[in-house]
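Numbering (the numbering used here), first residue to last: 88 to 513. Glycine included, every Cβ here is placed at the ideal spot set by N, Cα and C. Accompanying notes for the structure given below.
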């Protein structure tokens, strides 16, 4: 404690703002950092009373309500020291993995690989009561995430998706759909709106999930981005009437290219569509989309049919503020979240129960949600214009002539770079 009094008592060491006022938040952070490090030193010294010796420190950062503090965790020559009464050894996600693997080991369904993972994470030294405490704390945290009230702000934009992970249910292994909703609120921040595990991506499953979001206060939705799933699209129209549906252009491009009979023609379809969506001017994108359909129809009628049917939904993002176009037109925010979920769940391979799967998913999204809370995604002006239904407000085009003329020039260049015998000329 002497060191803390010294910091508080020496005016030169007290953090201050430029105007000379004491920065109380930084002062509390420095004092907390000093206190925690002194406690760890004292505990390490006590552990060495039986003849052990200190062997330096290892650094670790800890995020607290008063800022990030730098921990200097003492190392011992024999054995190890970790301040479990001060900080948690594992993140929420790590503890979710521990809980799932422990359940597998307990139920006798583990493999040799899972046992090695369990030992590397210290599960062989973890008692049933410790695992129970881990599960209890995680379940409470995930429940708060899934049930929290969302009526504090409106959510003009929502991104929906599902990913499949294997789970043991009713005595057999099956793929379970993990459905999630991520929203951008009227304050400009991203937020996890909901998550659940359902049997199939059916209309009934999606409708029940979306209705649960409405019941928790999700309102003011003007655009929903997702992949093309008829059951999901129908559920969106019923639960959020009046909201536009944006079909993810990445999935649309893959769907269109999938109808091409040869690799060369698939490459040509993708090359043309990439040129369309590389442009930002709304009028030019619309002109290019029409020309792309005409060109693709000449060598792949099925792909052209897919694009023609999807036009209104693929270009829905062009009706919203220009600053939001890049994020609205794809489901990338969901794809990144799903990749992280798959990466972190790969250790478990097959989850022993649906409850453990939801626990894991909730742990991953809890950490993401906390990260999103500190970073604004859309600024106040642009998100405000979206809520008010203001005009697109795109910058003046940089090309010469009309949008139709410039679109024709672009398509001609793209077609020349992707020659297909028998295709219509630009």
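{"Asked": "Pull up the CB-CB distance for residue 394 and residue 380, whole angstroms please, since I reckon it's below 8 Å.", "Found": "5 Å"}
{"Asked": "Contact check, residue 305 vs residue 243 under 8 Å by CB: the rounded distance?", "Found": "Actually they do not touch by this definition, with Cβ atoms about 11 Å apart."}
{"Asked": "Can you give me the C-alpha to C-alpha distance between residue 228 and residue 154, rounded to a whole angstrom?", "Found": "22 Å"}
{"Asked": "For residue 251, report the span of its beta strand (DSSP E) as first-last.", "Found": "244-256"}
{"Asked": "Less than 9 Å between the C-beta atoms of residue 376 and residue 398, yes or no?", "Found": "yes"}
{"Asked": "Which residue wins for smallest C-alpha separation from residue 258, given the options 506, 440, 372?", "Found": "440"}
{"Asked": "If you reduce the DSSP assignment to three classes, tell me which class residue 162 lands in.", "Found": "strand"}
{"Asked": "Can you tell me whether residue 438 is helix, strand or coil according to DSSP?", "Found": "strand"}
{"Asked": "Is it right to say residue 136 is buried, meaning 16 or more other beta carbons lie within 10 angstroms of its own, or is it exposed?", "Found": "exposed"}
{"Asked": "Report back the beta-carbon spacing between residue 383 and residue 356 to the nearest angstrom; my notes put them in contact at under 8 Å.", "Found": "6 Å"}
{"Asked": "Can you grab the Cα-Cα spacing for the pair residue 170 / residue 123, in whole Å?", "Found": "10 Å"}
{"Asked": "Would you kindly report the start and end of the unbroken beta strand (DSSP E) that includes residue 356?", "Found": "That residue, residue 356, is in no beta strand (DSSP E); its alpha helix (DSSP H) goes 350-365."}
{"Asked": "Would the region 445-455 count as touching the region 418-432 if we require 3 or more Cβ pairs under 8 Å?", "Found": "yes"}
{"Asked": "Output the distance between the C-alpha atoms of residue 146 and residue 129, rounded to the nearest integer angstrom.", "Found": "17 Å"}
{"Asked": "Is residue 346 helix, strand or coil when you go by DSSP?", "Found": "coil"}
{"Asked": "In three-state terms, what does DSSP make of residue 237?", "Found": "coil"}
{"Asked": "DSSP puts residue 264 in a beta bridge; with which residues?", "Found": "251, 285"}
{"Asked": "Residue 276 bridges to which residues according to DSSP?", "Found": "463"}
{"Asked": "Here's the rule: buried if 16 or more other CB atoms are within 10 angstroms of the residue's CB, otherwise exposed. What is residue 313?", "Found": "buried"}
{"Asked": "Checking 9 Å against the spacing of the C-beta atoms, do residue 479 and residue 386 come in under that value?", "Found": "no"}
{"Asked": "Could you name the residues that DSSP lists as bridge partners for residue 149?", "Found": "156"}
{"Asked": "Residues bridged to residue 333 by DSSP?", "Found": "312"}
{"Asked": "Measuring alpha carbon to alpha carbon, tell me which residue in 502, 438, 460 is nearest residue 255.", "Found": "438"}
{"Asked": "Quick one: what does DSSP say residue 142 is sitting in, helix, strand or coil?", "Found": "strand"}
{"Asked": "Check whether the region 271-291 and the region 327-345 touch, using three or more Cβ-Cβ pairs below 8 Å as the test.", "Found": "no"}
{"Asked": "Is the separation between the beta-carbon of residue 285 and that of residue 264 shorter than 9 Å?", "Found": "yes"}
{"Asked": "Name the DSSP bridge partner or partners of residue 270?", "Found": "245, 278"}
{"Asked": "Ignore the nearest five residues each way along the sequence and tell me which others in residue 232's own chain have a CB closer than 8 Å to its CB.", "Found": "279, 282, 449, 452, 453, 456"}
{"Asked": "From which residue to which residue does the alpha helix (DSSP H) around residue 380 run?", "Found": "369-384"}
{"Asked": "Tell me whether residue 327 is buried or exposed, calling it buried when 16 or more other Cβ atoms sit within 10 Å of its Cβ.", "Found": "buried"}
{"Asked": "Residue 156 and residue 120 - do their beta-carbons sit closer together than 9 Å?", "Found": "yes"}
{"Asked": "If you drop the 5 nearest sequence neighbours on each side, which residues of the same chain put their C-beta closer than 6 Å to that of residue 158?", "Found": "147, 149"}
{"Asked": "Among 240, 238, 320, which residue has its Cα nearest to the Cα of residue 400?", "Found": "320"}
{"Asked": "Give the straight-line distance between the Cα atoms of residue 289 and residue 248, rounded to the nearest whole angstrom.", "Found": "13 Å"}
{"Asked": "Cutting at 7 Å between CB atoms, please list the residues of its own chain near residue 240, excluding the five before and the five after it.", "Found": "272, 273, 274"}
{"Asked": "Could you round the C-beta distance between residue 369 and residue 405 to whole angstroms and report it? I think they count as a contact, below 8 Å.", "Found": "4 Å"}
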